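Just so you know, this note's numbering puts 210 at position 210 of the sequence shown, and the rest follows in order with no gaps. Heads up, the beta-carbon is just placed ideally off N, CA and C, and yes, glycines get one too. Note that the coordinates shown come from a computational prediction; the quantities given were computed from them, not determined experimentally. Structure record follows, encoded as structure tokens.
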Amino acid sequence: MEVRVRYAPSPTGLQHIGGVRTALFNYFFAKANGGKFILRVEDTDRTRYSEESLQDLYDTLEWLGIDYDEGPVKGGEYGPYVQSERTEIYREYAQKLVESGNAYYCYCTEERLNELREYQQENKLDPGYDRKCQHITNEERDKLISQGVKPVLRLKVPTEGKTSFDDIVLGKITRKNKDVMVDPILMKADGFPTYHLANVIDDHLMKITHILRAQEWIPSGPVHVMLYNAFGWEPPIYAHLPMVMGKDGKKLSKRHGATSLIQFREGGYIKEGLINYVTLVGWSFDDKREFFTKEEFEELFCLEKISKSPGIFDYKKLDWFNGQYLRKLDDSRLEELLIPILEKEGVVSNPISDSQKSIFLNAMPIFRERLTLTTDIVDCINFLFNDIETYDLEVLVPKKMEKIQVINILSHTISLLEDFNNHTPEENEEIFKNKCDELGVKVGDMFMPLRVAVTGTKASPPLFESIKLLGYEKAIERVKNALEVLKQE
Ligand code: GLU
Ligand code: ZN
């Protein structure tokens with residue numbers, strides 16, 4: 001049997017990290033089994049639909065480098081792959097359910113349903129539809145139709161018995177039919193199907209073999225199984241994926257930090273780190289191995305290793321992965337990622353000039369090790385391209401030091417800087433340290449103000465490498481400027 005899986009998002013919001021994880025699991029599972037990965041757009045909720053979300057979905061998959069075998073734009077044997085283009089199909093199948101007695105029209109108005117809800121609340125009764133239209137008289141129905149009421153179609157859920165399905169991750173899941181939703185709507189008054197109906201029909205017609213989706217869809221499981229049975233179809237194999245949680249054990253949300261993929265993209269994360277980390281939220285190869293390329297997941301991914309318990313999304317761990325991957329990237333990819341950021345932030349001209357580019361390339365060995373996020377590059381090497389406009393005295397004069405001491409120490413660095421090019425950065429470090437001994441000051445008390453004077457910030461790449469890249473003449477000029485500022489105040 002050929003494995004056929006799908007990612008079936010609804011374009012009602014930006015792609016979030018949980019959705020990305022579902023997409024990755026499906027994609028890797030298809031690849032590892034030589035199967036097909038299908039993209040299906042579930043856009044039947046027209047009130048929540050947004051064009052921007054749809055674009056964000058396509059952009060996300062492209063950015064991650066996840067290519068689908070069948071789907072919108074691309075097409076395929078079982079298309080169309082956008083549900084709003086399939087309404088005829090749903091209508092046809094809905095009709096079959098009416099004929100077989102598994103579904104019925106409901107003419108209840110919004111008003112009646114509201115009253116029902118209020119009545120149930122006041123009398124502390126279970127909420128939900130009261131199945132009135134299962135027994136509606138022809139007269140009553142005709143009257144409502146003549147008043148212009150457009151019916152919805154509901155699934156007839158048995159009140160007795162149980163429904164179960166097997167889940168690869170969680171084992172057998174059984175629900176009493178009376179605890180499943182009361183007669184959920186299959187077709188809305190606007191002629192569009194609901195999620196349940198469209199999802200089941202499409203999974204069947206598109207020959208989906210396995211359904212890998214978030215655990216929040218478990219309550220829909222019995223409804224779907226009832227639909228498969230009503231149609232006389234075999235349900236696919238289910239694998240409900242563990243929840244993605246924050247470190248506090250609550251469902252990952254904005255309170256924890258970034259959640260949409262675009263926020264991560266713009267925040268300086270790269271796909272290599274993100275794919276690696278996100279795939280490990282709820283899946284593991286063994287208890288040791290942490291690093292996997294996309295190609296390795298494409299080979300190794302399997303359903304047996306999906307965990308039952310929730311996956312914790314740890315932002316710090318993701319940062320760590322990101323930094324590790326930035327270190328490993330080859331020069332050209334690093335260049336391709338970082339130069340646009342420098343251009344956009346105005347650190348270099350746009351487009352970057354040849355001389356700026358060669359400064360950038362020379363600096364690569366010193367900044368590569370120091371980036372956690374791609375965006376860190378701005379503060380890291382801005383000093384190589386731009387003069388320091390103002391010195392922040394709070395930063396220039398370290399805590400516990402007097403201004404006069406800083407002036408004294410910095411003044412001593414000038415003559416050493418003049419001799420800078422006669423030595424390697426390592427030798428220079430020695431020379432500057434010896435000077436500290438001679439002056440009886442701690443190394444940090446010289447290096448920190450010197451670093452701030454030369455680079456404008458406390459967090460810059462190794463000091464002597466930085467001076468070398470900048471050029472000692474410029475470094476001297478900046479130290480003199482810093483001294484001016486210190487003396488003026
Ligand atoms: N459209 C649903 C979603 O937004 C699909 C759920 C499923 O995979 O069945 O996630
Ligand atoms: Zn009704």
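Could you check whether the Cβ of E42 sits closer than 6 Å to any heavy atom belonging to the ligand GLU?
yes
Please confirm whether D56 and L14 have their CB atoms less than 7 Å apart.
yes
Measuring alpha carbon to alpha carbon, tell me which of I17, E465, A239 and Y49 ends up nearest F420.
E465
Would the beta-carbon of S260 be found less than 6 Å away from any heavy atom of the ligand GLU?
no
Looking at N102 and K31, is the spacing between their C-beta atoms short of 7 Å?
no
What's the C-alpha gap between D287 and G257?
27 Å
Under the criterion of a Cβ to heavy atom distance below 6 Å, does N199 qualify as lining the ligand GLU?
yes
According to DSSP, is S84 part of a helix, a strand, or is it coil?
helix
How do the stretch 333-342 and the stretch 54-74 stand: do at least 3 beta-carbon pairs fall below 8 Å, yes or no?
no
Quick one: measure Cβ to Cβ for L215 and H240, integer angstroms, because I've assumed they're closer than 8 Å.
Reading the sequence as shown, one finds Gln at residue 215 and not Leu. About 5 Å; that satisfies the 8 Å criterion.
Grab the span of the alpha helix (DSSP H) containing H204 for me, first residue to last.
Y195 to L205
I want to check one thing, is the minimum distance from the CB of P11 to the heavy atoms of the ligand GLU below 6 Å?
no
I'd like the list of long-range same chain contacts for P425, defined as Cβ closer than 7 Å, with 5 residues on each side in sequence excluded.
F464, E465 and K468
With distance defined between alpha-carbon atoms, name the residue in E77, G128, D248 and L252 nearest to K36.
E77
Tell me the DSSP secondary structure of F37 in three-state form.
strand
Distance cut-off 6 Å: W217 Cβ against heavy atoms of the ligand GLU
yes
Any residue whose CB is nearer than 6 Å to a heavy atom belonging to the ligand ZN, listed in chain order:
C106, Y107, C108, K132 and C133
Strand pairing of L371, partner residues [DSSP]
Answer by DSSP bridge pairing: none, since L371 is not bridged.
Can you find the residues in the same chain that come closer than 8 Å, C-beta to C-beta, to I476, ignoring five residues on each side of it along the sequence?
I414, L417 and E418
Take the Cβ of T44 as the centre, count every other Cβ of all protein chains shown within 10 Å, and call the residue buried at 16 or more, exposed below.
buried
Does the pairing of the stretch 202-216 with the stretch 130-140 give three or more beta-carbon distances under 8 Å?
no
Of the residues M1, V5 and F29, which one's Cα is nearest the Cα of K294?
F29
Thinking just about the alpha-carbon of each residue, which of G191, P184 and T159 is nearest to the one in K176?
T159
With DSSP as the reference, label L280 as helix, strand or coil.
coil
Pick from W217, I208, V152 and S355 that is closest to K188, judged by C-alpha positions
V152
Between the CA atoms of M181 and I89 - distance to the nearest angstrom
25 Å
Could you give the first and the last residue of the continuous alpha helix (DSSP H) run that contains G268?
Careful: G268 lies outside any alpha helix (DSSP H) and carries neither H nor E.
Looking only at C-alpha atoms, which of Y49, P11, V3 and T12 sits nearest to I38?
V3
For the stretch 360-375 and the stretch 266-273, state whether three or more C-beta atom pairs, one from each stretch, are separated by less than 8 Å.
yes
Any non-hydrogen atom of the ligand GLU closer than 6 Å to A8 Cβ
yes
Considering only the beta carbon of each residue, do V454 and K308 sit closer than 7 Å?
no
Closest residue to C108 among D319, R289 and R141 (Cα-Cα distance)
R141
Please go through the stretch 145-196 and give each complete beta strand (DSSP E) segment of 3 or more residues, from N-terminal end onward.
152-155, 162-167, 171-176 and 185-187
Report the residue from S10, M1, Y7 and I17 whose alpha carbon sits nearest the alpha carbon of G282.
I17
Within 10 angstroms of its Cβ, does P145 collect 16 or more other Cβ (buried), or is it exposed?
For the record, residue 145 in the displayed sequence is Ile; it is not Pro. Result: exposed.
Cα-Cα separation, K442 to C436:
6 Å
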